[in-house]
Amino acid sequence: MTFDVLFDTQKHVIKLLDNSYKKGRLVHTYLFEGAKGTPKLEAAYYLAALLLCASVEKPCLKCPECRKIINGTHRNVILVSPDNNAIKKEQTDNLGKEFSLKPVDEKNRIFIIRDIDRATMSAANSLLKFLEETGPGNYGVLITENLYNVIPTIRSRAQIVSFRQLPPRAIADKLISLGIEEETSYILAHITNSVDECLEMINEGKILDLIDLVKKIVNNIITKEKSPLLTIHEDGKFLLSESDKRFHNIFLDLMIAFLSSLLYLNLKQNEKIIFRNIIHDLESYDDLSPRQIIERIEKILNYKQKLKYNINIDLFYTQMLLAIAV
């Protein structure tokens, strides 16, 4: 685990935690809320390091205590994650039993519950009882991407800390630092707000094929050298056979991102271009006017809504590509 994204994008959270610790005003339960990809878990571990660091200047993130926290092996830091997509009563009961025991080393303890909005009602009630009985030296962080799905009684027992959405540039820079090619990093950073999700897409092995397919289809729409229908049936068989609609949504998002890049290129707003490599192929993409590009983006957005329903994928792409090819 690293904290660079946390430090770069959530300075207000670091300031809040640091100042609260220094002034002895830490509350016993925090509720960290923010969009997927925001470093809420990292902030929870940062708080744990504040509470358990062995150095004078806390947190040093280097001492044995901090290293155990970062590695997920510190016995005074307990992480609870959903079991089969839910936080269950057994998990919160076990947490309560653990914290009812006096710590052997008499140090602070902290529990972290991910996706607290997925707690069952019985788990939520068990947690409420536990929060009421939490003693000195015990702290907790509840994490959610859906604040208003957390039951009100839990929200009222915690200090809510909101995380700001990550700017695409921050995500792209992080991906580039991990060795991902620059254009791919920019593209992924604009279709998801999560570095982990970006890496997951790359590991799945389909995202690069989707990006390549988008380039071929849009190029054929512009040059009319080849029918986009023929292109998707020759080069996009992997997409047509895909049953997971997530990939179809990603493909349409990529189509919109590519056309948006053409629009920015046309308007000479190069700093907004997502598909960075088209800057070097200016003459290849100057046949569409801004109005024509916007019309095609609007058509794709309309078709994207149809993905919510049961559809014939072959027919869906046939109709959409015919609509944007004219």
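In this note's numbering, the protein residues as written are 61 to 386.
Beta carbons: idealized from backbone N, C-alpha and C, even for Gly.
Keep in mind that this is a model prediction, so the values were computed, not measured.
Have a look at D78 and V65 and give me their C-alpha separation to the nearest angstrom.
Residue 78 sits at position 18 when you count from the first residue of the sequence shown. Residue 65 sits at position 5 when you count from the first residue of the sequence shown. Computed Cα separation, rounded: 17 Å.
Simplified DSSP state of L289, which is helix, strand or coil:
Here the question's residue 289 lines up with position 229 in the sequence shown. Here L289 sits in helix by DSSP.
Kindly list the residues whose CB is nearer than 6 Å to the CB of I357, restricted to its own chain and excluding five residues on each side of it in sequence; keep chain order.
The residue labelled residue 357 in the question sits at position 297 within the sequence shown. Excluding residues within five positions, the ones whose Cβ falls inside 6 Å are I316, L319.
Between the Cα of Q151 and those of L187, L121, I129, spot the shortest distance and give me the residue it belongs to.
Here residue 151 corresponds to residue number 91 of the sequence shown, with the count starting at 1. For Q151, the nearest C-alpha among the options comes from L187.
Beta-ladder partner(s) of E93, from DSSP
Looking up residue 93 in the sequence shown gives position 33. T204, S222.
I357 - containing alpha helix (DSSP H), residue span:
As a working mapping, residue 357 is identified with position 297 in the sequence shown. From DSSP, the alpha helix (DSSP H) with I357 extends over 350-366.
Would you mind giving the Cβ-Cβ distance between I387 and Y246, rounded to the nearest angstrom? I have them listed as a contact below 8 Å.
Residue 387 lies beyond the residue range present for the chain, which begins at 61 and ends at 386; the question has no answer from this structure.
For a quick check, are the C-beta atoms of T204 and D175 less than 8 Å apart?
Along the sequence shown, read from residue 1 onward, the residue named residue 204 stands at position 144. Along the sequence shown, read from residue 1 onward, the residue named residue 175 stands at position 115. Against a cut-off of 8 Å, the Cβ pair of D175 and T204 comes out as a contact.
Select from S80, C258, F67 the residue whose C-alpha is nearest the C-alpha of F223.
Within the sequence shown, the letter at position 163 stands for residue 223. If we check each option's Cα against that of F223, F67 comes out closest.
Starting from F311, trace the alpha helix (DSSP H) both ways and give me its first and last residue.
As a working note, residue 311 is residue 251 in the sequence shown. Per DSSP, the unbroken alpha helix (DSSP H) holding F311 starts and ends at 305-326.
Under the three-state reduction of DSSP, which class applies to D165: helix, strand or coil?
If you number the sequence shown from 1, residue 165 lands on position 105. If DSSP states are grouped into helix, strand and coil, D165 belongs with coil.
Pick helix, strand or coil for I333, following the three-state DSSP scheme.
What you label residue 333 is simply residue 273 of the sequence shown in a count that begins at 1. Coil.
Closest Cα partner of N337 within the set I271, E117, L91, S254:
Here residue 337 corresponds to residue number 277 of the sequence shown, with the count starting at 1. Looking at the Cα atoms, I271 is the closest of the given residues.
Relative to the C-alpha of V221, which candidate in T252, N372, V201 has its C-alpha closest?
Counted from its first residue, the sequence shown places residue 221 at position 161. Of the listed residues, the one whose Cα sits closest to V221 is V201.
How close, in whole Å, do the beta carbons of D249 and I231 come, if the pair is a contact with beta carbons under 8 Å?
Within the sequence shown, residue 249 is the residue found at index 189, counting from 1. Within the sequence shown, residue 231 is the residue found at index 171, counting from 1. It should be pointed out that residue 249 corresponds to Ala in this sequence rather than to Asp. That belief holds up - the Cβ atoms of A249 and I231 are roughly 4 Å apart, short of 8 Å.
For L367, which of H308, P350, L121, C113 has the nearest alpha-carbon?
Within the sequence shown, residue 367 is the residue found at index 307, counting from 1. Per the Cα distances, H308.
Using the Cα positions of A179 and N198, report the straight-line distance between them to the nearest angstrom.
Translated into the one-based positions of the sequence shown, residue 179 becomes position 119. Translated into the one-based positions of the sequence shown, residue 198 becomes position 138. Whole-angstrom Cα-Cα distance: 21 Å.
Bridge partners - L107, DSSP secondary structure assignment:
Position 47 of the sequence shown, counted from the first residue, corresponds to residue 107. L107 is not bridged to any residue.
Going by DSSP, what residues sit across from V140 in a beta bridge?
In the sequence shown, counting from the first residue as 1, residue 140 sits at position 80. Note: V140 sits in a beta bridge opposite I173.
Could you compute how far the alpha carbon of F311 sits from the alpha carbon of P350?
Reading the sequence shown from its first residue, position 251 is the one you call residue 311. Reading the sequence shown from its first residue, position 290 is the one you call residue 350. Going from the Cα of F311 to the Cα of P350 covers about 22 Å.
By the three-class DSSP mapping on this structure, what secondary structure does N253 have?
As a working mapping, residue 253 is identified with position 193 in the sequence shown. Of the three classes helix, strand and coil, the one that applies to N253 here is coil, per DSSP.
Please classify M261 as buried or exposed, where buried requires at least 16 other C-beta atoms within 10 Å of its C-beta.
The residue labelled residue 261 in the question sits at position 201 within the sequence shown. Classification for M261: buried.
Starting from P228, follow the alpha helix (DSSP H) in both directions and report where the run begins and ends.
By one-based count along the sequence shown, residue 228 stands at place 168. Counting along the chain, the alpha helix (DSSP H) containing P228 begins and ends at 228-237.
Please decide whether R306 counts as near chain E, where near means a Cβ-Cβ distance under 8 Å.
Looking for chain E here will not work: only one protein chain is present.
Quick one: using the 10 Å Cβ neighbour count with 16 as the cut-off for buried, is T244 buried or exposed?
In the sequence shown, counting from the first residue as 1, residue 244 sits at position 184. So T244 ends up on the buried side.
Is the distance from the Cβ of I282 to the Cβ of L323 below 8 Å?
Residue numbering aside, residue 282 sits at position 222 when the sequence shown is read from its first letter. Residue numbering aside, residue 323 sits at position 263 when the sequence shown is read from its first letter. The answer is no: Cβ separation not under 8 Å.
If I measure Cβ to Cβ from I172 and keep anything under 6 Å in the same chain, skipping five residues before and after, which residues do I get?
Against the sequence shown, residue 172 aligns to sequence position 112. Within the same chain, I172 has close Cβ partners A104, L139, V201.
To the nearest angstrom, how far is the alpha carbon of I277 from that of T291?
On the sequence shown, position 217 is the one that residue 277 refers to. On the sequence shown, position 231 is the one that residue 291 refers to. Taking the straight line joining both Cα atoms gives about 6 Å.
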